[in-house]
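Trainee:
4 protein chains.
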Amino acid sequence: MMTYSTEKLYEEKVFKDPVHRYIHVRDRVIWDLIGTREFQRLRRIRQLGTTYLTFHGAEHSRLNHSLGVYEIIRRIVDDVFAGRPEWDQNERLLSLCAALLHDLGHGPFSHSFEKVFDLDHEAFTQAIILGETEVNKVLTRVSDDFPQKVADVIAKTYENKQVISLISSQIDADRMDYLQRDAYFTGVSYGHFDMERILRVMRPLDDQVVIKHSGMHAVEDYIMSRYQMYWQVYFHPVTRSAEVILTKILHRAKELSEQAYFFAYEPYHFLSMFKGNVTLQDYLKLDESVIMYYFQMWEDEKDPILRDLCRRFMNRNLYKYVEFDPSKEYKKLQELEKLFKKAGLDPEYYLVVDSSSDLPYDFYRPGEEEERVPIHLLLPSGELRELSRQSDIVDAISGKRRTDHKLYYPKDFILDNSSKRAVKKQIREILGIE
Amino acid sequence: MMTYSTEKLYEEKVFKDPVHRYIHVRDRVIWDLIGTREFQRLRRIRQLGTTYLTFHGAEHSRLNHSLGVYEIIRRIVDDVFAGRPEWDQNERLLSLCAALLHDLGHGPFSHSFEKVFDLDHEAFTQAIILGETEVNKVLTRVSDDFPQKVADVIAKTYENKQVISLISSQIDADRMDYLQRDAYFTGVSYGHFDMERILRVMRPLDDQVVIKHSGMHAVEDYIMSRYQMYWQVYFHPVTRSAEVILTKILHRAKELSEQAYFFAYEPYHFLSMFKGNVTLQDYLKLDESVIMYYFQMWEDEKDPILRDLCRRFMNRNLYKYVEFDPSKEYKKLQELEKLFKKAGLDPEYYLVVDSSSDLPYDFYRPGEEEERVPIHLLLPSGELRELSRQSDIVDAISGKRRTDHKLYYPKDFILDNSSKRAVKKQIREILGIE
Amino acid sequence: MMTYSTEKLYEEKVFKDPVHRYIHVRDRVIWDLIGTREFQRLRRIRQLGTTYLTFHGAEHSRLNHSLGVYEIIRRIVDDVFAGRPEWDQNERLLSLCAALLHDLGHGPFSHSFEKVFDLDHEAFTQAIILGETEVNKVLTRVSDDFPQKVADVIAKTYENKQVISLISSQIDADRMDYLQRDAYFTGVSYGHFDMERILRVMRPLDDQVVIKHSGMHAVEDYIMSRYQMYWQVYFHPVTRSAEVILTKILHRAKELSEQAYFFAYEPYHFLSMFKGNVTLQDYLKLDESVIMYYFQMWEDEKDPILRDLCRRFMNRNLYKYVEFDPSKEYKKLQELEKLFKKAGLDPEYYLVVDSSSDLPYDFYRPGEEEERVPIHLLLPSGELRELSRQSDIVDAISGKRRTDHKLYYPKDFILDNSSKRAVKKQIREILGIE
Amino acid sequence: MMTYSTEKLYEEKVFKDPVHRYIHVRDRVIWDLIGTREFQRLRRIRQLGTTYLTFHGAEHSRLNHSLGVYEIIRRIVDDVFAGRPEWDQNERLLSLCAALLHDLGHGPFSHSFEKVFDLDHEAFTQAIILGETEVNKVLTRVSDDFPQKVADVIAKTYENKQVISLISSQIDADRMDYLQRDAYFTGVSYGHFDMERILRVMRPLDDQVVIKHSGMHAVEDYIMSRYQMYWQVYFHPVTRSAEVILTKILHRAKELSEQAYFFAYEPYHFLSMFKGNVTLQDYLKLDESVIMYYFQMWEDEKDPILRDLCRRFMNRNLYKYVEFDPSKEYKKLQELEKLFKKAGLDPEYYLVVDSSSDLPYDFYRPGEEEERVPIHLLLPSGELRELSRQSDIVDAISGKRRTDHKLYYPKDFILDNSSKRAVKKQIREILGIE
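Chains as they are written, first to last, in UniProt numbering: chain P, 1 to 434; chain S, 1 to 434; chain W, 1 to 434; chain A, 1 to 434.
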């Protein structure tokens with residue numbers, strides 16, 4: 001008997017996708033989910049936040065990525081896993097839905113917003129799936145407990161660990177999509193690996209998804225690709241500069257609000273965030289258009305710091321940076337803070353240390369804060385072996401955290417000799433700029 | 001003596017570009033123009049307007065395209081034309097600036113805005129270049145008459161026709177960039193041609209830019225690519241549906257404003273548009289973030305038409321269409337209009353005929369309204385020949401206008417049987433939907 | 001019950017292919033056919049004959065192409081046609097075998113060999129499939145009448161016209177593979193079209209394979225791609241020059257043999273060809289290695305013409321050409337022939353008119369010599385319409401034969417002034433060379 | 001004054017190249033070198049030897065690669081180095097010629113031939129450049145000492161180490177071309193790195209070519225690409241199987257010749273090789289066509305081993321393999337050798353251990369047998385730093401040799417139970433095959 005969960009569209013729908021060529025939709029449930037307002041909202045949130053200020057092509061939305069993750073999972077469950085005894089094909093629809101919806105709770109410029117306003121996009125993903133939303137209505141039509149199942153997969157608490165592994169592990173559909181997609185839209189030559197090969201060698205096995213040994217080199221390529229994308233794109237110093245300024249804008253706006261500052265243009269959408277009582281409905285109204293609208297308005301605010309920061313962000317007049325070693329240069333930082341104050345620049349906003357770090361691949365270390373599930377290779381003998389024990393290259397970089405610290409500041413202000421010349425000269429000497 | 005116009009950056013700046021691999025900037029003037037707020041504003045205007053609702057990858061901005069056009073011109077003037085006696089290398093900087101700035105006056109969703117509010121983006125491009133703007137300041141530093149020269153090139157009134165031809169002709173840097181760029185971001189397989197080849201065979205000659213005969217096949221490919229992009233991407237029926245709804249939103253808002261409707265949320269940014277007295281400063285504040293912000297607010301307006309249209313646009317619940325022949329089916333349209341009214345649907349907003357037409361290539365027809373400059377091939381003998389006289393394929397399609405008409409309507413309303421069942425049934429019969 | 005015809009390999013075999021990414025083999029029959037000596041022989045015959053002398057990348061073999069055609073058919077029958085009532089899935093294996101083997105009878109540099117020695121590669125394909133060969137043994141294991149069926153499909157006499165249509169029609173797997181493959185290996189930017197799209201819209205219908213209307217633009221692109229490849233690659237004047245010389249080598253060798261010339265190195269492999277009694281076993285020994293071996297030997301033959309021509313071919317010292325209009329310039333040709341003789345150059349070998357012509361697409365014209373099956377579009381109404389009636393572009397070029405004539409000659413000889421200076425001067429004047 | 005060394009062609013010549021898009025030739029000397037018979041001979045030698053039996057696309061010739069290396073050097077010297085004070089532009093033509101000719105002495109299937117007949121392709125490169133050849137004539141026209149200079153660069157004894165470094169170092173034009181080219185023709189997804197970026201950051205400095213620090217990640221990608229190509233393509237076990245058989249064919253033919261075996265078809269081209277007195281003229285006649293010709297003839301020789309091996313090679317009926325640890329499994333090998341003899345299979349030809357090993361990157365270790373020049377990064381401070389000290393990834397793999405051993409054997413013979421069933425059963429048990 002055909003039920004909603006097995007209903008197929010009369011004709012397959014196809015979206016043209018630059019990364020996977022086509023996104024294929026045949027399931028009514030998936031089609032309905034794509035049409036919900038909560039999913040369409042992801043069009044108005046960029047996948048890479050402020051990265052478009054460094055790589056001008058990186059203007060692609062999270063909707064873009066979400067469709068891509070869905071398509072990868074669809075190929076795995078329909079073309080690779082279907083028919084294998086270790087895989088329960090009843091998990092098919094659940095896997096597809098979780099893939100499509102895994103990023104549903106992301107807000108605009110998530111990283112900065114979460115930090116400043118103490119939000120959690122994963123909690124919002126859960127809330128959208130389980131709350132009074134169009135998405136929830138569609139999922140409930142499948143069955144009463146279906147929304148909870150989808151939420152559990154995304155929260156990694158679902159009982160069938162194979163499903164979780166497909167969507168969040170060290171080699172999951174999420175990462176495989178974003179590495180390729182972000183490489184495509186930024187135009188960098190990193191980010192390429194043979195995904196078709198990896199999909200063909202994935203195997204469901206007990207409580208995980210493993211990789212046939214013959215696919216090891218494709219996985220090595222994927223790990224290297226991940227490494228390069230982190231350092232060449234995601235942690236690019238110019239992007240981090242934009243992120244620093246964005247964070248400081250939010251910070252300043254909140255501070256002004258707490259000081260009962262009178263905004264020329266009342267920031268309705270921000271009020272509950274300033275107060276820390278954001279509802280789901282408030283949250284869903286936030287998208288990057290809204291944020292950019294306010295930033296444009298704030299370019300004319302009377303508070304000089306808020307105004308300056310917004311102008312910098314909107315017109316890409318970002319901070320410059322010098323390398324900074326926090327373990328050794330603490331005194332230098334203190335000295336600079338003093339000088340910035342003397343120069344009339346609040347160091348809280350104009351002198352910022354930013355650190356990025358990445359762990360390209362990690363094997364399982366039980367008991368540690370972030371227990372990553374390792375990648376296992378399936379040897380011809382049937383034995384499993386953890387990737388870094390088989391691959392020299394992965395072994396070489398696994399478990400090694402690399403961290404990079406930079407000190408950001410507005411170079412144009414420091415070079416401007418119309419006032420405070422002596423102090424600025426001192427600052428320039430310490431920062432080593434001509 | 002080095003002046004501002006010949007000043008080079010200490011180190012060449014490079015932007016990663018997915019289409020041309022790298023955008024190279026060595027001239028101080030170009031670098032300064034890129035940093036202006038008017039140029040950075042182009043980040044907030046999509047190159048393809050509503051196309052992202054059909055092709056989800058098409059989220060790239062006009063800044064993206066503007067840099068691309070600049071890069072193409074840079075390669076032509078520096079690598080192909082430099083040193084040729086027929087070319088005046090003094091026009092180099094002017095060509096680069098005109099390339100970079102040629103789309104500066106575009107607003108959000110230009111097509112719809114211009115139609116509803118009677119605006120003209122070309123006039124705004126002129127105004128930005130010649131008015132009190134950061135762009136004008138940079139150009140004036142080159143020389144007092146430089147802004148006017150740039151404006152003249154873009155307006156096609158500049159005396160050196162070679163420069164105009166590079167930037168606007170039937171095979172110019174503008175088209176060469178957008179065809180490739182739009183193909184890249186939508187992911188379609190059309191839009192590819194051998195630009196490197198075309199650039200290498202371009203030759204300045206008298207008052208035009210001609211193509212060496214040996215490059216004819218590459219040009220044929222370009223013309224075909226243009227043809228396919230028009231019909232597969234630019235005139236895609238789903239994009240036109242989004243465009244129809246967008247136009248109707250603006251139309252409705254204007255109408256409401258003229259009827260002194262009380263907006264729950266005052267549309268400040270729109271007021272001068274409603275009144276028809278838009279200043280340059282008003283115009284520069286318009287970008288797609290602002291438009292999307294208002295559309296989101298209007299999703300909760302009390303006017304049912306404005307509210308419905310905005311919800312459709314934001315959540316991609318677009319109109320469906322049937323083919324429509326305006327020359328023969330006029331009566332049918334009248335009949336439908338009557339039935340729509342009976343069904344409670346204002347045909348002004350809910351029953352829309354949209355026509356698209358394109359002329360893939362045209363040879364020169366003096367005296368006609370739109371005098372297109374033809375593409376000339378330079379034969380080995382030194383003789384010039386108009387492209388369509390040499391190429392069978394181009395001859396086949398040149399001068400032939402193709403037009404496509406469709407009738408758009410909200411299918412969900414027509415299928416909804418909760419009211420007016422009889423009328424809707426009649427409508428469905430006429431439209432031929434089940 | 002599993003029989004040989006349905007036997008699957010324990011694990012799918014995969015060949016890496018630059019054009020289709022992977023060639024997948026699961027059927028035992030296909031695997032066995034690939035392993036036959038007659039199929040492996042195709043490794044030693046280049047897909048594009050002498051084209052590698054113009055496009056140095058064009059060194060790919062016919063084995064390469066044969067695997068590609070097989071893979072395209074595999075995707076059609078397994079992914080697109082399987083399960084459709086209009087298609088008889090019992091034809092699956094037959095389609096795959098015919099695809100794989102359709103070029104089996106090609107010899108080295110087929111075009112020239114067939115012309116000079118009056119051979120017919122299609123007859124040899126039949127002979128290999130039906131004769132005493134490893135290929136025949138494999139096919140006979142399927143069933144006694146299976147070799148004949150495969151031969152019939154390739155000969156276009158098989159009763160199920162859908163199967164024939166897949167492998168030889170105006171939009172078949174053969175053409176779709178070679179256009180893309182030849183573009184890939186030559187490196188030209190033509191030859192690209194959206195094959196994935198075309199495959200998805202192919203439909204079996206009555207006695208043909210039709211294209212769903214929505215795929216029309218992809219088909220237009222394919223037709224244009226074909227047009228460009230013909231004129232840019234297949235009929236490239238330099239390739240034709242190599243072809244002219246090759247033909248003349250074969251011609252000379254045959255002539256010498258008939259004149260009982262004593263070859264310093266006896267051309268065993270050629271003897272039956274000279275005499276016109278080539279057996280299948282003789283034919284199968286011919287491959288390009290053998291030909292090149294003899295040409296190398298003949299570089300030192302005492303006959304000055306054979307020696308010169310072989311040296312030219314081996315060391316790419318080809319003839320140059322001028323445009324030539326046979327309908328008007330017949331007298332000029334006669335005059336040149338006289339002068340060549342005076343200059344000591346046999347015009348039979350050193351003054352050659354070569355003509356190429358192509359018909360990019362043709363609709364059905366019953367009764368004409370070459371009855372091409374037209375491409376039919378399947379309209380939403382269920383009606384069929386011939387492609388050129390629906391597509392402006394295809395209409396423009398359909399049925400129009402384009403022909404190009406060139407006159408080839410050894411420019412180095414004509415420029416060499418060590419002898420016959422006066423005559424050569426006259427020749428140069430007529431040919432218009434400096 | 002224009003001399004031969006500075007003479008430019010009237011019009012630039014362009015070859016279409018799939019990897020670098022176009023190969024540009026403007027220098028008369030280069031054009032003349034390309035036209036020599038010794039250079040054209042490289043068309044008949046595959047770049048990757050027997051690899052085409054594993055990757056069917058890998059049929060590209062060494063001429064292909066040689067043009068590619070030339071083009072890379074041309075871009076470096078003309079677009080990157082020209083005008084830099086550290087670079088002597090007088091070395092331009094020398095660099096271009098050495099690039100074009102660096103592989104001139106390669107014979108067919110070099111690896112096997114050199115091993116069996118104790119030949120040295122580098123010595124032949126020297127001999128061709130300095131001997132009585134067309135190449136030598138062209139070079140001598142530049143100046144009397146020019147051939148010697150070119151030979152010195154290729155032999156790495158030339159005084160200007162920058163020139164040597166461009167053509168042979170750990171990041172030279174040779175490697176950059178072949179990694180990309182071999183990846184392109186095999187179709188693998190490895191082998192990609194951002195060469196354009198690397199070229200732009202190369203700097204001549206003292207006696208080497210260094211890399212600007214900002215290009216480090218592109219170099220990391222190149223090193224990884226190299227690593228993957230070695231293990232995925234160059235050391236592919238199937239290719240090694242073909243190589244094993246090829247080596248054994250040559251070995252057998254030599255052995256037979258030494259035993260005064262009477263060849264049904266006298267192997268003229270091989271005689272001097274069998275005797276160890278190969279002249280330059282003999283060597284230049286060897287190409288892959290010649291080899292394949294003999295192998296075809298030998299398929300019918302009466303010696304059963306030579307016949308069998310040739311049939312295997314020609315028809316791709318290769319040996320299978322098992323992993324083998326020579327340090328531990330020596331006894332097993334001895335046991336197998338005994339059993340093979342009992343089974344009537346000469347272990348010398350039918351049981352072969354093959355080992356491959358690679359050192360992906362090495363820093364300088366003076367005094368060791370193979371002193372590799374390390375890659376140096378140029379830091380912003382002007383300081384040089386050896387790559388592996390700056391890059392975690394390179395550090396991880398540098399200096400680590402990885403070796404892989406396999407044991408090859410004819411599985412079909414071992415599975416054939418028509419004779420010696422008991423012995424073959426024992427062999428199968430030891431080899432672990434069913």
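All residues carry an ideal CB built from backbone N, CA and C; glycine is no exception.
Which of the three DSSP states, helix, strand or coil, is assigned to S:T3?
Mentor: Three-state DSSP puts S:T3 in coil, outside helix and strand.
Trainee: For W:S391, report the span of its alpha helix (DSSP H) as first-last.
Mentor: Careful: W:S391 lies outside any alpha helix (DSSP H) and carries neither H nor E.
Trainee: Looking at C-alpha atoms only, which residue of P:K285, P:L339, P:Q334 and P:D144 is the closest neighbour of P:R44?
Mentor: Taking only the C-alpha atoms, the option nearest P:R44 is P:K285.
Trainee: Identify whether S:N53 lies in helix, strand or coil by the three-state DSSP scheme.
Mentor: With the sequence shown as reference, residue 53 of chain S is identified as Leu, and Asn is not the correct amino acid for it. It is helical.
Trainee: Nearest by alpha-carbon distance to W:S381: which of S:A173, S:R46 and S:E323 is it?
Mentor: The candidate whose alpha carbon is nearest that of W:S381 is S:E323.
Trainee: Do we get a CB-CB distance below 8 Å when we pair S:R92 with the residues of chain W?
Mentor: S:R92 does not count as touching chain W.
Trainee: According to DSSP, which residues form a beta bridge with S:P204?
Mentor: Paired residues: S:V209.
Trainee: Check the Cβ of P:A253 against every Cβ in chain A and list those closer than 9 Å, keeping chain order.
Mentor: By Cβ distance, chain A contributes nothing, its closest Cβ being about 36 Å from P:A253, past 9 Å.
Trainee: Measuring alpha carbon to alpha carbon, tell me which residue in P:L318, P:I76 and P:F117 is nearest P:Y349.
Mentor: Of the candidates P:L318, P:I76 and P:F117, the one whose C-alpha sits nearest the C-alpha of P:Y349 is P:L318.
Trainee: Can you list the alpha helix (DSSP H) stretches of 4 or more residues lying completely in the segment 242-301 of chain A, in chain order?
Mentor: Listed in chain order, the complete alpha helix (DSSP H) runs (minimum 4 residues) inside the segment 242-301 of chain A are 271-275, 280-285 and 288-298.
Trainee: Along chain P, which residues have their Cβ under 9 Å away from the Cβ of S:V290?
Mentor: Going along chain P in sequence order, the residues near S:V290 (Cβ under 9 Å) are S289, M292, Y293 and Q296.
Trainee: Anything in chain A within Cβ reach of S:R21, meaning under 7 Å, just list it in chain order.
Mentor: Going along chain A in sequence order, the residues near S:R21 (Cβ under 7 Å) are E196.
Trainee: Would A:D32 and A:L67 be called neighbours here (beta carbons separated by less than 8 Å)?
Mentor: Going by C-beta atoms, A:D32 is not nearer than 8 Å to A:L67.
Trainee: My understanding is that W:K377 touches W:L387, with C-beta atoms under 8 Å, so please give their C-beta distance in whole angstroms.
Mentor: Position check: residue 377 of chain W holds Leu in this sequence, whereas Lys was assumed. Contact holds; Cβ gap of about 6 Å.
Trainee: Which residue from A:M202, A:Q148 and A:R197 puts its Cα closest to that of A:S165?
Mentor: The shortest Cα separation from A:S165 among A:M202, A:Q148 and A:R197 belongs to A:M202.
Trainee: Count the other CB atoms, across all protein chains shown, that sit within 10 Å of the CB of A:N417; report buried if there are 16 or more and exposed otherwise.
Mentor: That one is exposed.
Trainee: Between A:N160 and the ligand MN, is the CB less than 7 Å from at least one heavy atom?
Mentor: In the structure on display, the ligand MN does not appear, and there are no ligands present to speak of.
Trainee: Measure the alpha-carbon distance for A:I397 versus A:N160 and round it to whole angstroms.
Mentor: Straight-line Cα distance between these residues: approximately 30 Å.
Trainee: Does the structure place the segment 239-257 of chain P close enough to the segment 304-311 of chain P that three or more beta carbon pairs sit under 8 Å?
Mentor: The segment 304-311 of chain P vs the segment 239-257 of chain P: in contact.
Trainee: Note down, in chain order, each residue of its chain lying with its Cβ closer than 7 Å to the Cβ of A:E266, except the 5 sequence neighbours on either side.
Mentor: Here the set comprises nothing.
Trainee: Is there a Cβ from chain P that is less than 8 Å from the Cβ of S:Y330?
Mentor: No, S:Y330 lies away from the interface with chain P (no Cβ there is under 8 Å from its Cβ).
Trainee: Measuring only the C-alpha atoms, how far is A:V244 from A:K331?
Mentor: The straight-line gap from Cα to Cα measures roughly 22 Å.
Trainee: Compute the distance between the beta-carbons of P:T54 and P:V219, then report whether it is under 8 Å.
Mentor: Not closer than 8 Å, so no.
Trainee: For W:E368, is the classification buried or exposed, using 16 other Cβ atoms within 10 angstroms of its Cβ as the cut-off for buried?
Mentor: Any reading at W:E368 must be qualified, since the residue scores a pLDDT of 49, below 50, and its modelled position is unreliable; no value is offered.
Trainee: Residues in the segment 389-414 of chain A with C-beta within 7 Å of chain P's C-beta atoms, listed in sequence order?
Mentor: Result list: D392, I393, A396, I397, K400 and R402.
Trainee: What are the partner residues of W:V352, as DSSP defines its beta bridges?
Mentor: Beta-bridge pairing links W:V352 to W:Y408.
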